[in-house]
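Colleague: Residue numbers (the numbering used here): 6 to 254.
Input: one structure, supplied below.
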């Protein structure tokens, strides 16, 4: 039987005193893929095209060039300057695709923030940003179950769908229930279905564990998700945004 020192000596002869470094060498995990900035430029162009098209048909269009410069291109520059692109958690996906997914969701939140203020009859300045997606530093850029915005006694989770499949991840519901039990603050998911041009409002603080809308989604590696039923969709965003008091929650 061989002794562990035999293995250690073998690795030492090959030039490795650290087991982890040898593992990384054998698996090539020490080779970091370069960011394809040409690809990102194309992704940014697609984001520009998406929101330009939405803006043309939206009931309350904005200065789209100004919007894209402020929230897309300036934010992208911040990502580059703070070296966040190279350190995105890719979860098996290309980092460029993770960037695209994050930026798309971020733009949805910023684009519809004015409508959200109208729904709640408050000014945009009264909407508090409480999410963990602070992209000015790698140390503070996180992707967590914490909600994005806070208004009065509601935390708002802004999310979006792009393929006609509209779900809420289980960990977001758990987080919302914990917040409600600890602080008596409700969490409202506002889900923008860009594929169909509709918006759902779901109070996830009170979703029951035995609700029939809980399903297992194979596209998400068998994760349990809350499927947003058609009854939750109460706004076609070609039309004026509804008022909070008129929503069925």
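Even glycine gets a Cβ: it sits at the ideal position worked out from N, Cα and C.
Treat the numbers as computed from the prediction; the structure is a model and nothing was measured.
1. For residue 249 and residue 39, what's the separation of their Cα atoms in angstroms?
2. Evaluate residue 210 with the Cβ neighbour count: other Cβ atoms within 10 Å of its Cβ, from every protein chain shown; 16 or more gives buried, anything less gives exposed.
3. Residue 217: which of 203, 135 and 233 sits nearest, CA to CA?
4. Can you tell me whether residue 156 is helix, strand or coil according to DSSP?
5. Nearest CA to the CA of residue 52: which residue from 36, 70 and 37?
6. According to DSSP, simplified to helix, strand and coil, what is residue 131?
7. Work out the CA separation of residue 122 and residue 161 for me, nearest whole Å.
8. Hey, out of 236, 219 and 107, whose CA is closest to residue 167's CA?
9. With residue 82 as the anchor, note down where its alpha helix (DSSP H) starts and where it stops.
10. Mind checking whether residue 172 and residue 222 have CB atoms under 8 Å apart?
11. Taking a contact to mean a Cβ-Cβ separation below 8 Å, would you say residue 169 touches residue 189 in this structure?
12. Reducing DSSP to helix, strand and coil, say where residue 245 ends up.
13. Tell me which residues share the same chain as residue 129 and place their Cβ nearer than 8 Å to its Cβ, disregarding the 5 neighbours each side in the sequence.
14. Quick check on DSSP: helix, strand or coil for residue 236?
15. Which residues mark the beginning and the end of the beta strand (DSSP E) in which residue 4 is found?
16. Secondary structure at residue 209, three-state DSSP: helix, strand or coil?
17. Could you compute how far the alpha carbon of residue 91 sits from the alpha carbon of residue 6?
Modeller: The short version:
1. 46 Å
2. buried
3. 233
4. Residue state for residue 156 is assigned as strand, using DSSP reduced to three classes.
5. 70
6. helix
7. Looking at the two C-alpha atoms, the distance is approximately 12 Å.
8. 107
9. For residue 82, the enclosing alpha helix (DSSP H) covers residues 79-86.
10. Taking 8 Å as the Cβ cut-off, residue 172 and residue 222 qualify as a contacting pair.
11. No, Cβ-Cβ distance for residue 169 and residue 189 is not below 8 Å.
12. Correct three-state label for residue 245: coil.
13. 118, 119 and 122
14. In this structure, residue 236 counts as helix in the three-state DSSP scheme.
15. Since the displayed the chain opens at 6 and closes at 254, residue 4 lies outside it and no answer follows.
16. helix
17. 44 Å
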